[in-house]
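> In the working numbering, the protein residues as written are 86 to 384. C-beta atoms are modelled at their ideal positions from N, C-alpha and C, and glycine is treated no differently. Bear in mind the structure is a predicted one, so any value in this text is a computation, not a measurement. If you scroll down you'll find the structure; I have some questions about it.
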C-alpha cells in the first residue's frame, strides 16, 4: 500500500546540509519567478506577448518545483520516507502534466521569437492577445488527459518484489524498475508520449531557431544582430537544459537506467533549471532589469 522514497538516505551525515540546500533553492525559485510574474503584469513596457508567455512560464516553474521539493524537505526533516501509492501516483501525474506544459510553452516561446524576428511586420497580427491566450491555455491543458492515462497505465502494474523507489520523488523510470512481469507496453507508451509532448516540440524549437539564425545573419548591422540574438539566447539556454536532461532520462531503455544517473539528471530539470530560469531571463534582458529596478525603487 505504500512505497519508500530512498532519496538521499545514502548520505546520513549530510541530511541537514541537504535540507538547507533544497530549502534555499526552493526559496530562490519562488522569489525569482514571483518577481518576474509581478514585473510582467505591472510594468507597461512589458505588455508584450514575449513577457505574457514568460509570466506563464514563471507561474509554471513555481507549480513544477512545488510538486517535488516540499516532499523532499519533508522526507529529510522527518526521516519518514514512506509515501502511499495514491500520493505517489498523484505526484507523478502532476509532475508529468507540468513537464508537458513546460515543453509546449518553450516551443510556443520559440515560435513567438521566430515570428518577431523573421516576420516582424505581421507580428502584431499573428501573435495577437487572443491567440496568445489560446496558446497558453492549450499548453496548460493539453497534457492533462494524456498524462493521466500514462499514470493510470503505470500504476496498473503489479509491484511484488520491493517497495523502495531509489529516487527522491516518484518518477517513471524508478517506478517501472519495481514492476513485476513485462513492462514493454508501458515503456512503449512512455516513449510515444515523450516523443509527442517533448521531442516534437524540441524539433519545432530547433526549426524556429534555425530560421532565426538565418535571418540574423542577413541583418545589415552588427548592433541589430546582437540585439535580436540577446532576446533569443536566454530562451535557447533554458531549452537546452530542460530538453537535454529530460530526453536522456526518459528516452533511454530501462536496462540503461541507474539510480545515481537518474537522480543527477532529474536534479537538472526539477531544481537547477527552474532556479536559473529567472536569472537567465532577467540578467540577459535589459527591459526586465529596468522593470525590476523600477519595482524596487517604488517599494
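(1) Express the C-alpha separation of residue 145 and residue 178 in angstroms, rounding to a whole number.
(2) Check this for me: beta carbons of residue 120 and residue 377, under 8 Å apart or not?
(3) Beta-carbon separation of residue 267 and residue 259 under 8 Å?
(4) Between residue 148 and residue 139, what straight-line distance do the alpha-carbon atoms span, to the nearest angstrom?
(5) Does the distance from the CB of residue 170 to the CB of residue 380 come in under 8 Å?
(6) Taking the beta strand (DSSP E) that residue 168 falls in, what are its first and last residues?
(7) Please report the straight-line C-alpha distance between residue 253 and residue 193, rounded to a whole angstrom.
(8) Give a yes or no on whether the C-beta atoms belonging to residue 284 and residue 346 are separated by under 8 Å.
(9) Could you check whether residue 154 and residue 300 sit closer than 8 Å to each other, using their CB atoms as the reference points?
(10) From which residue to which residue does the beta strand (DSSP E) around residue 88 run?
(11) For residue 136, which option in 191, 180, 270 has the closest C-alpha, if you only look at C-alpha atoms?
(12) Quick one, which of 159, 189, 184, 277 has its alpha-carbon nearest residue 223's?
(13) Give the DSSP bridge partners of residue 250, in chain order.
(14) Evaluate residue 141 with the Cβ neighbour count: other Cβ atoms within 10 Å of its Cβ, from every protein chain shown; 16 or more gives buried, anything less gives exposed.
(15) Give the range of the alpha helix (DSSP H) segment to which residue 140 is assigned.
(16) Have a look at residue 231 and residue 274 and give me their C-alpha separation to the nearest angstrom.
By the coordinates alone:
(1) 15 Å
(2) yes
(3) no
(4) 14 Å
(5) no
(6) 167-169
(7) 30 Å
(8) no
(9) no
(10) 87-90
(11) 191
(12) 189
(13) 90
(14) buried
(15) 134-151
(16) 10 Å
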